[in-house]
Structure formats: C-alpha cells, structure tokens
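Below: one structure, written as structure tokens.
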Amino acid sequence: MMANDSLSSDPFTQEDKVKQGFYTVVFVLGTVGNVLVLIVVAGRRERRTVNDIFIVNLAIADLTYLFFCLPTQFFLTVGDVPSDFYCRFVWPMMTVSICLSIFTLTSMAIHRRQVILNPFKPEIKHRYVVLWILIIWVLGFVVVVPLMIVTKSKSVEPYGCAENWPSNNYRKAYTAGLFVSQYALPLTIIAVEYVRIAIDLFRPRGRKTQGDTRRAIDPARRKENMQVIKTLATIVTLFALTMLPAQLAWMLIDFGGPNEIKVGNAFLRICEWLLYTHACLNPIVYGSLTKHYRRGYIRYITLIVCCRCRALFQNHAIEETATYETDSSSNASPKERRWKLFGCINHHHVMYQKTNHETVKETSLNNGTNCNCNETSNELKNNSNDPMMISEAVV
Numbered sequence: 002m003m004a005n006d007s008l009s010s011d012p013f014t015q016e017d018k019v020k021q022g023f024y025t026v027v028f029v030l031g032t033v034g035n036v037l038v039l040i041v042v043a044g045r046r047e048r049r050t051v052n053d054i055f056i057v058n059l060a061i062a063d064l065t066y067l068f069f070c071l072p073t074q075f076f077l078t079v080g081d082v083p084s085d086f087y088c089r090f091v092w093p094m095m096t097v098s099i100c101l102s103i104f105t106l107t108s109m110a111i112h113r114r115q116v117i118l119n120p121f122k123p124e125i126k127h128r129y130v131v132l133w134i135l136i137i138w139v140l141g142f143v144v145v146v147p148l149m150i151v152t153k154s155k156s157v158e159p160y161g162c163a164e165n166w167p168s169n170n171y172r173k174a175y176t177a178g179l180f181v182s183q184y185a186l187p188l189t190i191i192a193v194e195y196v197r198i199a200i201d202l203f204r205p206r207g208r209k210t211q212g213d214t215r216r217a218i219d220p221a222r223r224k225e226n227m228q229v230i231k232t233l234a235t236i237v238t239l240f241a242l243t244m245l246p247a248q249l250a251w252m253l254i255d256f257g258g259p260n261e262i263k264v265g266n267a268f269l270r271i272c273e274w275l276l277y278t279h280a281c282l283n284p285i286v287y288g289s290l291t292k293h294y295r296r297g298y299i300r301y302i303t304l305i306v307c308c309r310c311r312a313l314f315q316n317h318a319i320e321e322t323a324t325y326e327t328d329s330s331s332n333a334s335p336k337e338r339r340w341k342l343f344g345c346i347n348h349h350h351v352m353y354q355k356t357n358h359e360t361v362k363e364t365s366l367n368n369g370t371n372c373n374c375n376e377t378s379n380e381l382k383n384n385s386n387d388p389m390m391i392s393e394a395v396v
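Sequential numbering from 2 applies to the sequence shown in the numbering used here.
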C-alpha cells in the first residue's frame, strides 16, 4: 500500500511548488546522509560489527526509497501520467523499502538481545549476517508481489495508479496483512526483545548467583550495549511515529464507511510528508547519538571540503605560476635563464632556491604537471651543505 491511489488532475498549484521544494530538500539531505553512513562503515574495516552491517542495510533501504520514489513523485506533481511500469515496479518499491527498514530493525533488536543475554557466546559471523539480510530483501519483495500483480496505470482522470483487486475482500485482506507484517508484529517483537534486555541490564546485582557468569560484563561492554540500545530505541520510535498515520489511514479507507474514508484521505496528506521525512532521519540519529559516526561525518565532510578548497587553490596557483613564468622568461637575462625554477610541492611545502644572493620562489603545485621531483630532490641533497639552500613548510 502506498500513500495514495491517484494523482490530482488539477493544474500546477502553489502546493505543488512547495512539494517539489520539499522533495528536493529531502532527496539531497537523505542521499548525503545515507551515503555518509555507508562511507563511515566502509572506513571501519577491521572494527566493523554486525550492528554496522545492519545499519548499512538500513541506509540502502532509505536510499532505495529516495531514488525510486522521490524523483518520480517530483515529476508527477506537474501532471505527468504514470506508466504501467511505474505503477507495477516503481510505486511498490515504497512498500519494499518500508518492509526492509522494519525487518532490519527487528533483526537488530533480536541480535542485540542475543549479545547482551549471552555475552560470552561467539559473535555471529559476517557471512551469516549477509545471508540474513538477503532473506530480509527476499521477504520485502514477496510482500509486494500481490501489489505488483493488481496495480495498473489509470488512463482517465484523475490519473495515477489503481489497485484492481478481484473483490474488496482481497483488498481488505492485503491491507490487514500489511498492517500486521510491516507494523504491528515487528514492533511487538522489538518491544518484547527490549523488555528482556531491560530486565537483564537493570536486574539488581545482589540477586545474581555466584555461578551466573553470563552477566559479568565489563563496564566498557556494558556502556557500548547501552549506547546501541539507545540508538536503536530512537530509530524504532521514529519509525513507529512516522508510519502510524499511514497505517491508520489505509485501515480507515479499506475498512471504514464514507466518513472514515474522508478522514483516511485527509491523513494521507500528512502521511506523505512523514514517510519522505523518515528517509533522512536515521543518519541524523546516528550522528547525534553515536560517537564514531559523528566523528566519521566530521572527518569525511572536512576531507571533502578541504579537497575542494585545495583544488581551487591549485588551479589559482597554476594560473599565477603560468603568468609569472611567462613574464620572467620574457624579461630575464641570459644569466637568469640559467637558474632552474623548480616547484615540487607536496600539499603544503614550498621550496626555495637561493643562489648568488638571488631568491626565487616557485608557487607551482604538484598536480600532475611535468615536474621532476626526483631531480629536484637530488639537487637539494647535493646542495645540502650550501647555507644558501633552504626549505620551508607552510602550515
């Protein structure tokens, strides 16, 4: 089930302009945030945990939602008629991404309960986690197979995608099944797992028996578990709150009378904004509550900004150097032309050559130009005893 069954045939309005602006902002923020999550996890390598792998799947689920749904919604606001391919394969990807998110969150809760209640049991191997995630993806697509079969494009106004079920009972059964499988049941499992975790973590120490060594967790491990639980609880809460209006709307529309259908359609307007916003919330949660993700964000954003600034500086320096060398070549005397200008710079280093009381500063940067750094290094070594040869680092 998606946010709506049809698209408005009204001309392009101010509301549509606001929607397009909102879609653009959410798409950019969600894409940048989730890609940063993938980069941070990829950079951990040796320290990568099972929880990190699940977080990668969450990020991919959010990116799936963003790339399959938002661009098409952006263009559909101007009144384009969706094709059968869009209605059968792109539109259902909204439901697939929602299933991927909640199934992954449920898996994370089950895994965290297993880790905390059995701290000395060997950690599950990463290849089994990958297999676990593949099963999640298969289940996500299985859930939407009926939707792919019955959904078609509407060729009459109001244009959009319509679900052509054999009878209304099939529609009701599918809606109820979605509510149970992608909302009620997973959240119930997550709640049960967190209650079991809370009972174990906050059980008074005096009641533990001498042989109960499985709870003898060192403070660092305990702190890590609490941090992970806090992060997961926040993500699950956001999912439950942002998805609840949509679940209620679908139930009202398919099971209610005329008045309930009106309320459900009104809910769907709010649901659309909440569903899209959810796709960019998880990276914010990671950065706010998890230290290594926050540090990773700062590190990679700084790296990107610095690389961009360095590229601009290099281009400017090359232009200045080209102008300087042209002027120097035209005005230099034969004696001055004998002196070699060299500019082998490694990011922040500027080399100076001072000969016969004449100082020449080379501002060219090593950006792939034909600069023989080895030759320059040999010259510096040969003249290392010359007090007139100096090297300076610019910080």
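Each residue gets a CB set at the ideal place from its N, CA and C atoms; glycine is no exception.
* Asked: Expressed to the nearest angstrom, what Euclidean distance is found between the alpha-carbon atoms of residue 112 and residue 98?
  -> 21 Å
* To do: List the endpoints of the continuous alpha helix (DSSP H) containing residue 154.
  => Counting along the chain, no alpha helix (DSSP H) covers residue 154; the unbroken beta strand (DSSP E) around it starts and ends at 152-155.
* residue 370 burial status per 10 Å Cβ neighbour count (16 or more: buried) -> Note that residue 370 scores a pLDDT of 41, beneath 50, so its modelled location is shaky; the value from the coordinates is reported in the next line. Residue 370 comes out exposed.
* Euclidean distance between Cα positions of residue 22 and residue 239 -> 23 Å
* **Nearest-angstrom Cα separation, counted from residue 188 out to residue 118** => 20 Å
* Beta-carbon separation of residue 281 and residue 41 under 8 Å? -> no
* Measure from the alpha carbon of residue 169 to the alpha carbon of each residue in 241, 19 and 257, then state which is nearest. => 257
* Could you have a look at residue 22 and say whether DSSP puts it in helix, strand or coil? => helix
* Per DSSP, residue 281 is paired with what? -> Residue pairing of residue 281 in beta bridges, as defined by DSSP: absent, with no partner found.
* Could you check the C-alpha separation between residue 17 and residue 274 for me, to the nearest Å? => Using only the alpha carbons, I get a separation of about 13 Å.
* So does the segment 28-38 actually touch the segment 276-296, counting three or more Cβ pairs closer than 8 Å? -> yes
* What separation, rounded to the nearest whole angstrom, lies between the Cα atoms of residue 146 and residue 221? -> 45 Å
* Asked: Among residues of its own chain, excluding the 5 on either side of residue 234, which ones have a beta-carbon nearer than 8 Å to its beta-carbon?
  -> 195
* Note down the Cα distance separating residue 114 from residue 154, rounded to an integer number of angstroms. => Using only the alpha carbons, I get a separation of about 45 Å.
* Are three or more beta carbon pairs between the segment 48-59 and the segment 117-134 nearer than 8 Å? -> yes
* Whether residue 56 touches residue 130 by CB criterion (8 Å) -> No, Cβ-Cβ distance for residue 56 and residue 130 is not below 8 Å.
* Asked: Which value, in whole angstroms, describes the spacing of the CA atoms of residue 14 and residue 74?
  -> 15 Å
* Do you know offhand how far residue 66's Cα is from residue 89's? -> In a straight line, the C-alpha of residue 66 is about 15 Å away from that of residue 89.
* Asked: What runs of the beta strand (DSSP E), each 3 residues or longer, lie entirely inside the segment 140-195?
  -> Contiguous beta strand (DSSP E) elements confined to the segment 140-195 occur at 152-155 and 161-164, taking only those with 3 or more residues.
* Asked: How close, in whole Å, do the beta carbons of residue 141 and residue 297 come, if the pair is a contact with beta carbons under 8 Å?
  -> At roughly 27 Å, the Cβ-Cβ gap does not stay under 8 Å, so residue 141 and residue 297 are not in contact.
* Asked: Whose CA, out of 247, 107 and 116, lies closest to the CA of residue 266?
  -> 247
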